[in-house]
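Asker: Handing you this structure, nothing more for now.
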Amino acid sequence: MQDFMKEYENNLKHIKTNQESIAIAINRYSKQKTDIETNYLTESIFNEIEISCQQLYDRLETLENAPTFSHLSKMHPSIVDPIFLIEELNIIQNEINGKLPFDPNLNSIHFWEKAIIVKAFSTNGTLTFILVIPIVAEQSYNLLHLYSIPNNNDTILIPKNPILILGNDEFAYPHEPCTDIAKDNVICKHLEWQTILHSTDCIAQLIQHQEPHNCTYTTASYDNNIVQQIKENSWIVIMKQEEVVKTICNNDVQYQRNKGVFLITIDNNCKVQIRDRVLMTHKRYIHQRETIPLPRSNHNRKISPTKIELENVNLDTLKDVLKQAKEIQVPDEDLNLISTTPSWPSVLLYIIILAAAGTAAYKFWWKPRSAQTSAQQPEPEEIQLQQQPSARLHLKGGGVMSL
Numbered sequence: 001m002q003d004f005m006k007e008y009e010n011n012l013k014h015i016k017t018n019q020e021s022i023a024i025a026i027n028r029y030s031k032q033k034t035d036i037e038t039n040y041l042t043e044s045i046f047n048e049i050e051i052s053c054q055q056l057y058d059r060l061e062t063l064e065n066a067p068t069f070s071h072l073s074k075m076h077p078s079i080v081d082p083i084f085l086i087e088e089l090n091i092i093q094n095e096i097n098g099k100l101p102f103d104p105n106l107n108s109i110h111f112w113e114k115a116i117i118v119k120a121f122s123t124n125g126t127l128t129f130i131l132v133i134p135i136v137a138e139q140s141y142n143l144l145h146l147y148s149i150p151n152n153n154d155t156i157l158i159p160k161n162p163i164l165i166l167g168n169d170e171f172a173y174p175h176e177p178c179t180d181i182a183k184d185n186v187i188c189k190h191l192e193w194q195t196i197l198h199s200t201d202c203i204a205q206l207i208q209h210q211e212p213h214n215c216t217y218t219t220a221s222y223d224n225n226i227v228q229q230i231k232e233n234s235w236i237v238i239m240k241q242e243e244v245v246k247t248i249c250n251n252d253v254q255y256q257r258n259k260g261v262f263l264i265t266i267d268n269n270c271k272v273q274i275r276d277r278v279l280m281t282h283k284r285y286i287h288q289r290e291t292i293p294l295p296r297s298n299h300n301r302k303i304s305p306t307k308i309e310l311e312n313v314n315l316d317t318l319k320d321v322l323k324q325a326k327e328i329q330v331p332d333e334d335l336n337l338i339s340t341t342p343s344w345p346s347v348l349l350y351i352i353i354l355a356a357a358g359t360a361a362y363k364f365w366w367k368p369r370s371a372q373t374s375a376q377q378p379e380p381e382e383i384q385l386q387q388q389p390s391a392r393l394h395l396k397g398g399g400v401m402s403l
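Residue numbers (full-length UniProt numbering): 1 to 403.
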């Protein structure tokens, strides 16, 4: 029994020791948990502060971007949220009689950002944005880019505008640059439409294959080939002399002799070499064809005396080049110029001066000399008269003679 009691007491001591150890462990764990919770709470607070600062920065950046893009007249999500913009466009489409240029959905939001013009003004600390949304015609029109090409006689036609908008029976020239929205979509504003039929416009007559009138012609000068890129993968090529065109598509090489005007379109697998010029692109098709010739004119053209050098000149800006060339040729009003061809008043003045000089020479030099010669060699009749002196004396030719 004593042994049992001793063992029981030992067990109690051991249990007590274990309880103390457990209490110490619990206290230590509680302290660590408090530190973790404190660290976690502190980290959470800093995260919330960082998020709030980032939100404040984003808001300030949005407020900064909005006026910046409004100065550029460009639409941007900082001005209007795209979802809200699409909702408003749907409301507008249901209320107007016209047609919007694109469907009001998020798939065409990038097109809308290009089409909408933004204006802004501020009053009393308030910034107000105005969105100019285009309303387009029901039908589509063709936009023609005009390039001046010299003919075989080096005569070149210069249109009054390099851009022409063509409809079924009407056309117009844009008075301001058109806005490129997509590859095949362009928006032009403030157009003045004209009827194609019976039009006196030069380009309108050419489109109808009629005899052109009211056209501006000039003489072009170029010795080398003209190669002008008009798209990413298209070039206008003007070959004055017959040239060998080398086409390389992968491992296939072809040679072709060409002369004249060509529109060359290539893809990313091919390249075209004309002399030392290599044409290449990243698109995926190739096409080469000669341009459609313009109608021939049978009447005498009124050609501008100004000759244009086509080297390093874009074929769609020749109107400005011709204008600058004419301005250079106009003389200064304050500059005294001597004409190489005398006018009729000048010729008449020369004749009068020569006649006066001849009369003066005859009167003051030739006539006195002739009289003096005659006095030195008298005729027989005058010798006989000298034997009968007269009372009247006359001066003649510088000598004294009796009559």
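Even for Gly, the Cβ is constructed at its ideal location relative to N, Cα and C.
Going by the CB atoms, is the gap between His145 and Pro162 shorter than 8 angstroms?
Answerer: Position 162 of the sequence shown holds residue 162. Position 145 of the sequence shown holds residue 145. Yes, the Cβ-Cβ distance between Pro162 and His145 is below 8 angstroms.
Asker: Might you give, ordered along the chain, the residues of its own chain that have their beta carbon closer than 6 angstroms to the beta carbon of Asp334, omitting 5 neighbours on each side?
Answerer: Counted from its first residue, the sequence shown places residue 334 at position 334. Because Asp334 carries a pLDDT of 48, less than 50, the predicted location of this residue cannot be relied on, and no value is offered for it.
Asker: Starting from the Cα of Phe111, find the closest Cα among Glu61, Tyr141, Tyr57, Lys183 and give me that residue.
Answerer: Position 111 of the sequence shown, counting from 1, holds the residue named residue 111. For Phe111, the nearest C-alpha among the options comes from Lys183.
Asker: I need the straight-line Cα distance from Tyr222 to Ile149, nearest angstrom please.
Answerer: What you label residue 222 is simply residue 222 of the sequence shown in a count that begins at 1. What you label residue 149 is simply residue 149 of the sequence shown in a count that begins at 1. Roughly 12 angstroms between the two C-alpha positions.
Asker: Taking the alpha carbon of Asp252 as the reference point, which residue from Lys271, Val244, Glu242 has its own alpha carbon closest?
Answerer: The residue labelled residue 252 in the question sits at position 252 within the sequence shown. The option with the nearest alpha carbon to Asp252 is Lys271.
Asker: Would Glu243 pass as a contact of Arg277 if the rule is Cβ separation under 8 angstroms?
Answerer: Position 243 of the sequence shown holds residue 243. Position 277 of the sequence shown holds residue 277. Result no, Cβ atoms of Glu243 and Arg277 do not sit closer than 8 angstroms.
Asker: Give the secondary structure of Leu146 by DSSP, where H, G and I count as helix, E and B as strand, and everything else as coil.
Answerer: Sequence index remark: in the sequence shown, residue 146 carries index 146 (1-based). It is coil, neither helix nor strand.
Asker: Under DSSP, the alpha helix (DSSP H) around Glu88 begins and ends at which residues?
Answerer: Sequence index remark: in the sequence shown, residue 88 carries index 88 (1-based). That run of the alpha helix (DSSP H) goes 82-95.
Asker: By how many angstroms is the C-alpha of Ala25 removed from the C-alpha of Ile15?
Answerer: Locating residue 15 in the sequence shown gives position 15, counting from the first residue. Locating residue 25 in the sequence shown gives position 25, counting from the first residue. Taking the straight line joining both Cα atoms gives about 15 angstroms.
Asker: Is the region 84-103 close to the region 127-138, with three or more CB pairs under 8 angstroms?
Answerer: Yes, they touch.
Asker: Measure the C-alpha to C-alpha separation of Asn233 and Gln208 and round it to an integer number of angstroms.
Answerer: Residue 233 sits at position 233 when you count from the first residue of the sequence shown. Residue 208 sits at position 208 when you count from the first residue of the sequence shown. Approximately 29 angstroms, taken between the alpha carbons.
Asker: So which of Ser70, Thr281, Arg257 has the shortest CA-CA distance to Asn268?
Answerer: Along the sequence shown, one-based indexing puts residue 268 at 268. When each option's Cα is compared against that of Asn268, the closest is Thr281.
Asker: Only counting runs of 3 or more residues, tell me where the beta strand (DSSP E) segments fall wholly within the region 99-147, in order along the chain.
Answerer: Runs of the beta strand (DSSP E) inside the region 99-147: 117-123, 126-132, 142-145.
Asker: Using beta-carbon positions only, say whether Ile187 and Thr195 come within less than 8 angstroms of one another.
Answerer: One-based indexing of the sequence shown puts residue 187 at position 187. One-based indexing of the sequence shown puts residue 195 at position 195. Result no, Cβ atoms of Ile187 and Thr195 do not sit closer than 8 angstroms.
Asker: Write down the C-beta distance between Leu131 and Ile116 rounded to the nearest angstrom, noting that I regard them as a contact closer than 8 angstroms.
Answerer: Reading the sequence shown from its first residue, position 131 is the one you call residue 131. Reading the sequence shown from its first residue, position 116 is the one you call residue 116. The pair is a contact, with the Cβ atoms about 5 angstroms apart (cut-off 8 angstroms).
Asker: How far does the alpha helix (DSSP H) with Gln210 in it reach, from first residue to last?
Answerer: Reading the sequence shown from its first residue, position 210 is the one you call residue 210. Note, Gln210: premise wrong, no alpha helix (DSSP H); not H, not E.
Asker: Starting from Gly260, trace the beta strand (DSSP E) both ways and give me its first and last residue.
Answerer: Taking the first residue of the sequence shown as position 1, residue 260 is located at position 260. Its beta strand (DSSP E) spans residues 252-265.
Asker: Using the rule of at least 16 other Cβ atoms within 10 Å of the residue's Cβ for burial, across every protein chain shown, is Gln205 buried or exposed?
Answerer: On the sequence shown, position 205 is the one that residue 205 refers to. Under this definition Gln205 is a buried residue.
Asker: Roughly how many whole angstroms lie between the Cα atoms of Ile238 and Gln228?
Answerer: If you number the sequence shown from 1, residue 238 lands on position 238. If you number the sequence shown from 1, residue 228 lands on position 228. The alpha-carbon atoms of Ile238 and Gln228 are separated by roughly 9 angstroms.
Asker: Apply the 10 Å Cβ neighbour rule to Phe84 and answer buried if 16 or more other Cβ atoms are within range, or exposed otherwise.
Answerer: Numbered from 1 along the sequence shown, position 84 holds the residue referred to as residue 84. Under this definition Phe84 is an exposed residue.
Asker: When the Cα atoms are used, what is the spatial distance from Thr62 to Ile86?
Answerer: Position 62 of the sequence shown, counted from the start, is the residue given in the question as residue 62. Position 86 of the sequence shown, counted from the start, is the residue given in the question as residue 86. Their Cα atoms are separated by approximately 20 angstroms.
Asker: Who pairs with Trp235 in a beta bridge, going by DSSP?
Answerer: Position 235 of the sequence shown holds residue 235. Trp235 is bridged to Gln229, Ile264.
Asker: Work out the CA separation of Ser140 and Cys215 for me, nearest whole Å.
Answerer: Residue mapping note: residue 215 aligns to position 215 of the sequence shown, counting from 1. Residue mapping note: residue 140 aligns to position 140 of the sequence shown, counting from 1. Computed Cα separation, rounded: 28 angstroms.
Asker: Taking its Cβ as the centre, do 16 or more other Cβ atoms sit within 10 Å of Ala220, making it buried, or is it exposed?
Answerer: Residue 220 sits at position 220 when you count from the first residue of the sequence shown. It counts as buried.
Asker: According to DSSP, simplified to helix, strand and coil, what is Ser221?
Answerer: Position 221 of the sequence shown, counting from 1, holds the residue named residue 221. Reduced to three states, the DSSP call for Ser221 is strand.
Asker: Spell out the partners DSSP gives Lys74 in its beta bridges.
Answerer: Here residue 74 refers to the residue found at position 74 when the sequence shown is read from its first residue. Bridge partners of Lys74: Ile117.
Asker: Whose C-beta lies closer than 7 angstroms to the C-beta of Leu164 among residues of the same chain, with five residues either side of it excluded?
Answerer: Translated into the one-based positions of the sequence shown, residue 164 becomes position 164. Within the same chain, Leu164 has close Cβ partners Leu144, Leu146, Phe171, Tyr173, Ile203.
Asker: For Ile158 and Thr265, I'd like the C-alpha separation in whole angstroms.
Answerer: If you number the sequence shown from 1, residue 158 lands on position 158. If you number the sequence shown from 1, residue 265 lands on position 265. Distance between the alpha carbons of Ile158 and Thr265: 25 angstroms.
Asker: Anyone know if the C-beta pair for Pro79 and Phe121 falls short of 8 angstroms?
Answerer: On the sequence shown, residue 79 is found 79 positions in, with the first residue counted as 1. On the sequence shown, residue 121 is found 121 positions in, with the first residue counted as 1. According to the sequence provided, residue 79 is Ile. The question's Pro does not apply to it. The answer is no: Cβ separation not under 8 angstroms.
Asker: Hey, would you say Gln273 sits closer than 8 angstroms to Lys231, going by beta carbons?
Answerer: Position 273 of the sequence shown holds residue 273. Position 231 of the sequence shown holds residue 231. Against a cut-off of 8 angstroms, the Cβ pair of Lys231 and Gln273 comes out as no contact.
Asker: Where does Lys6 fall in DSSP's three states?
Answerer: By one-based count along the sequence shown, residue 6 stands at place 6. DSSP places Lys6 in helix when its eight states are reduced to three.
Asker: Across which residues does DSSP place Lys246 in a beta bridge pair?
Answerer: Residue mapping note: residue 246 aligns to position 246 of the sequence shown, counting from 1. In the DSSP output, where bridge partners are listed per residue, Lys246 has Tyr255, Gln273.
Asker: Of all the options Thr38, Thr155, Gln55, Leu279, which has the alpha carbon lying nearest to the alpha carbon of Pro235?
Answerer: Translated into the one-based positions of the sequence shown, residue 235 becomes position 235. Strictly speaking, residue 235 in this sequence is Trp, with Pro absent from that position. For Trp235, the nearest C-alpha among the options comes from Leu279.
Asker: Who are the Cβ neighbours of Gly167 in its own chain at under 6 angstroms, not counting the five residues just before and after it?
Answerer: Along the sequence shown, read from residue 1 onward, the residue named residue 167 stands at position 167. The answer, listed in chain order, is Tyr141.
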